Amino acid sequence: MLQLIAMITMLIDHVGLIFFPHSEMYRIIGRIAFPLYSWFLVQGYLHTSNLKRYIWRLFGLACLSQIPYTLALDGQVFQELNVIFTLLLSILGLYVMDRVANESLKAILMIGVLSAALLIPMDYGLYGVLLVFIYRYYDQWKMIGYHMTLNLMYIAIYGTGAWIQLFSLLGTFLFAYSIPYYSISMKKWIYRSFYPAHLAILFIVYLWMEQS
């Protein structure tokens, strides 16, 4: 159920970005998607039987998604990395936090992860990595509070034009109080392939409309 909501809200967001760039309603609805995808990332990290395979699969999906992401949304292949790279960096950060025993090494590696999130252009960037960390290490009320704090910091940095990010809290509320419904899911291949597939389809539709 929540997977379907994540997919639909992401689709609405990207439809708005490509076809209705001046309409804020599509972007507001789309703010729900990333928190849900981040939550599922954390759940996958905690419950996977093979973390290395999980990370490599995520890396493959990120690389596969870069071309349709570029064509549909970005314009230049390496101007900005797609959001799957942000999720990949997030899970590498979780791996460091949870599995590196040497505290000095852990600190150095975490500085590297956070610096990469800040300096390498990627969708959601440092905001996305920090949100994943919030979902990993805090319970319901604390994650809502910290998510709100993160949003306010985001608005303070990027200006009042970033106010729609406040609506991302709806995504946190959805999974924080809908945990019993987590088991209702779809085929894994559908969920995993939806991101690059829907971007490719939207790009084809855009080209068709431009040529009509």
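Just so we're aligned: the sequence shown equals residues 13 to 224 in the numbering used here.
No residue lacks a Cβ here, since even glycine has one placed at the ideal position from N, Cα and C.
What you are looking at is a predicted structure, and each value in this text was computed from that prediction instead of being measured.
Exposed or buried, residue i, counting other C-beta atoms within 10 Å across all chains shown (16 or more means buried)?
i: D25; result: buried
i: G28; result: buried
i: F32; result: exposed
i: Q177; result: buried
i: M165; result: exposed
i: E92; result: buried
i: C123; result: According to the sequence shown, residue 123 is Ile rather than Cys. Result: exposed.
i: Y189; result: exposed
i: H159; result: buried
i: I40; result: buried
i: G72; result: exposed
Using a Cβ cut-off of 8 Å (strictly closer), state whether residue i contacts chain D.
i: G137; result: Absent here is chain D; the protein component of the structure consists of one chain.
Can the beta-carbon of residue i be found less than 8 Å from the beta-carbon of residue j?
i: M134; j: T98; result: yes
i: A84; j: A45; result: no
i: N94; j: S77; result: yes
i: F185; j: I167; result: no
i: K118; j: V125; result: no
i: Y207; j: I96; result: yes
i: F187; j: L16; result: no
Can you tell me where the alpha helix (DSSP H) holding residue i begins and where it ends?
i: F187; result: L181 to A188
i: E8; result: Absent from the model: residue 8. The displayed extent of the chain is 13 to 224, so no value can be given.
i: F97; result: V95 to R111
i: Y225; result: Because the chain spans 13 through 224 in this model, residue 225 falls outside it and cannot be assessed.
i: Q15; result: L14 to F31
i: I41; result: E36 to G42
i: E115; result: E115 to L131
i: G157; result: Q152 to Y170
i: S61; result: Here S61 belongs to no alpha helix (DSSP H), and DSSP marks it neither H nor E.
Measuring CA to CA, which of the options is closest to residue i?
i: L219; options: R111, I30 and T21; result: I30
i: K200; options: R69, H34 and E222; result: R69
i: Y107; options: F187, L58 and L16; result: L58
i: M22; options: G140, H210 and Q223; result: H210
i: R43; options: L73, S224 and L182; result: L182
i: D110; options: S180, P80, S224 and R148; result: R148
i: E36; options: C75, V54, S224 and F179; result: F179
i: Y139; options: N163, C75 and M221; result: N163
i: V54; options: Y150, I132 and G137; result: Y150
For the ligand NAP, I want to know if residue i counts as a neighbour, meaning its beta carbon is within less than 7 Å of at least one of the ligand's heavy atoms.
i: L83; result: Judged by which ligands are present, the structure shown has none, so any question about the ligand NAP falls away.
message: Taking 8 Å as the cut-off, does the region 133-147 touch the region 40-54 (at least 3 CB pairs, one atom from each stretch)?
response: Flag = yes, the region 40-54 and the region 133-147 touch.
message: I want to know whether the region 196-210 touches the region 164-172 - three or more CB-CB distances under 8 Å.
response: no
query: Does the region 213-220 come close enough to the region 93-104 that 3 or more CB-CB pairs lie under 8 Å?
result: no
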